[in-house]
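To keep things clear, I will list the structure first and then write my remarks on it.
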Ligand SMILES: *[C@@H]1O[C@H](CO)[C@@H](O)[C@H](O)[C@H]1NC(C)=O
Ligand SMILES: *[C@@H]1O[C@H](CO)[C@@H](O)[C@H](O)[C@H]1NC(C)=O
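In UniProt numbering, the protein residues as written are 1 to 501.
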């Protein structure tokens with residue numbers, strides 16, 4: 001029997017596919033000839049081109065990304081072999097689809113994070129979905145598609161960016177000439193971000209010391225500055241491509257007159273502002289006729305979704321706070337599950353609680369959590385909506401509970417709260433400080449990093465940073481702390497520990 005022309009064609013093609021893989025430089029000419037034969041013999045309907053994006057794909061750490069790859073002209077690739085690999089990592093396999101199934105035995109860092117869509121394969125779309133992007137995913141990817149008769153590939157460059165924590169400004173005291181020393185710190189960025197200080201006019205101020213530290217794969221930055229002018233607003237801005245997080249420090253008007261007094265008179269309010277959102281929108285409007293539009297919206301969205309991520313990140317440290325009735329002021333009513341707290345004016349029939357040797361707060365309408373912490377990070381959220389006087393935070397185990405206590409960091413309380421509906425209340429040192437707030441939080445997140453000595457408060461709904469105590473030393477167990485003010489509270493709205501996230 002004489003083999004059919006078709007049969008011969010297939011034979012030559014299979015051989016040439018093998019050869020294109022194994023062509024050494026000496027064999028180039030031979031290979032070329034075979035490839036030309038191949039090109040002539042493969043019927044046009046079996047040839048295809050593999051195409052991918054021409055620009056690098058931007059991926060945000062922690063999120064998912066699609067690496068596009070498809071064949072042109074459109075044909076099903078269900079029966080073909082689709083191999084995603086990393087040519088820059090000695091060709092290590094990212095995802096392999098062969099003989100109608102995924103064959104992922106050799107995936108290492110990509111295990112469980114890659115997915116091809118089978119329906120899309122029928123439409124010639126071999127795009128790879130990569131989940132929970134890591135910084136180490138940055139690099140070059142090859143999409144290789146091979147049929148019985150033909151093969152082609154394309155490469156996709158992936159750039160990863162990780163947006164770090166909102167910058168935290170701390171006051172470092174005064175230098176000999178009366179300048180105010182400020183330090184701004186932010187961590188968790190990739191690649192290295194730019195940190196800059198700006199005065200209230202938006203003029204850049206140069207940092208005195210700059211310190212960049214690279215952890216396993218992310219960067220932390222810390223810059224200091226000494227401010228001599230009477231400037232009531234200093235911004236610390238950390239930028240990475242189209243992402244920007246900014247923190248503002250607002251000094252009280254007598255900040256510089258009072259430089260000889262200790263830092264405790266300096267009132268500090270820190271607000272995280274997302275300007276990139278607005279800028280992105282303006283750019284998007286400006287380019288509304290251009291193809292830039294979709295790109296800018298992409299950045300706008302990724303910025304927004306990042307801001308949500310701050311809370312998402314903190315929520316990973318969630319602890320189950322149950323209020324401890326044994327520490328509660330007698331006028332506080334608690335739900336049976338220990339999750340809600342409200343004030344009720346009750347006539348006390350001289351139950352001897354005052355004389356009792358108990359561990360209750362007797363003047364402040366305060367309660368602690370049952371469980372204390374002496375290591376690691378923890379986070380809890382409280383709904384404060386509708387309540388007009390509240391304080392939240394953490395307290396040291398040994399702290400005094402009886403009488404009119406100065407609830408400040410010296411006596412072992414790290415708190416913030418609300419007064420008269422619109423003022424942020426801080427008891428930083430021996431004096432109490434009130435600040436007017438832009439927005440009234442409905443739900444407040446409290447984050448503590450025990451080792452770093454940091455207590456931060458967040459407005460959960462706007463995902464904005466309210467205030468942080470930094471570089472504290474706790475030295476002993478600390479407990480979640482909730483309070484409805486001093487002696488009485490006109491409003492019976494409950495504070496609720498939130499567990500719905
Ligand atoms: C290809 O498939 C992916 C899902 O794997 C999808 O997100 C993408 O939109 C598809 N591309 C086209 C051009 O249909
Ligand atoms: C508590 O105060 C808020 C704000 O003034 C008010 O809307 C609410 O009705 C008050 N609730 C109670 C139970 O007094």
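Backbone N, C-alpha and C define an ideal beta-carbon position, used for all residues, glycine too.
Where residue i falls, given that 16 or more other Cβ within 10 Å makes a residue buried
i, result
"residue 396", "buried"
"residue 90", "exposed"
"residue 203", "exposed"
"residue 111", "exposed"
"residue 234", "buried"
"residue 276", "Annotation note: pLDDT 34 at residue 276 (below 50); position unreliable, no value reported."
"residue 201", "exposed"
"residue 324", "buried"
"residue 284", "Below a pLDDT of 50, predicted positions are generally treated as unreliable, and residue 284, at 28, falls in that range; the measurement from the model is reported next regardless. When all chains shown are included, residue 284 counts as buried."
"residue 500", "exposed"
"residue 425", "buried"
"residue 138", "buried"
"residue 212", "exposed"
Residue from the options with nearest C-alpha to residue i
i, options, result
"residue 77", "100, 398 and 60", "100"
"residue 319", "202, 445 and 332", "445"
"residue 390", "361, 455, 493 and 371", "493"
"residue 206", "339, 419 and 195", "195"
"residue 361", "481, 311 and 191", "481"
"residue 490", "474, 455 and 344", "344"
"residue 334", "459, 406 and 497", "497"
"residue 244", "181, 166 and 175", "166"
Contact under 8 Å by Cβ, residue i with residue j
i, j, result
"residue 125", "residue 70", "yes"
"residue 107", "residue 136", "no"
"residue 210", "residue 223", "yes"
"residue 409", "residue 479", "no"
"residue 367", "residue 416", "no"
"residue 140", "residue 87", "yes"
"residue 170", "residue 471", "yes"
"residue 50", "residue 152", "yes"
"residue 68", "residue 56", "no"
"residue 226", "residue 465", "no"
"residue 177", "residue 220", "no"
"residue 450", "residue 393", "no"
"residue 79", "residue 130", "no"
"residue 239", "residue 363", "no"
"residue 313", "residue 150", "no"
"residue 60", "residue 161", "yes"
"residue 173", "residue 181", "yes"
Near ligand 2: residue i beta-carbon under 7 Å from a heavy atom
i, result
"residue 509", "Beyond the ends of the chain as shown, which are 1 and 501, falls residue 509; an answer cannot be given."
"residue 485", "no"
"residue 492", "yes"
"residue 417", "no"
"residue 412", "no"
"residue 439", "no"
"residue 453", "no"
Cβ-heavy atom distance, residue i to ligand 1, below 7 Å
i, result
"residue 120", "yes"
"residue 145", "no"
"residue 76", "no"
"residue 72", "no"
"residue 131", "no"
"residue 68", "yes"
"residue 54", "no"
Below-8 Å beta-carbon distance, residue i vs any chain D residue
i, result
"residue 49", "This model lacks chain D altogether; it includes just one protein chain."
Exercise. Quick one: any contact between the stretch 380-394 and the stretch 439-454, if contact means 3 or more CB pairs under 8 Å?
Worked result: yes
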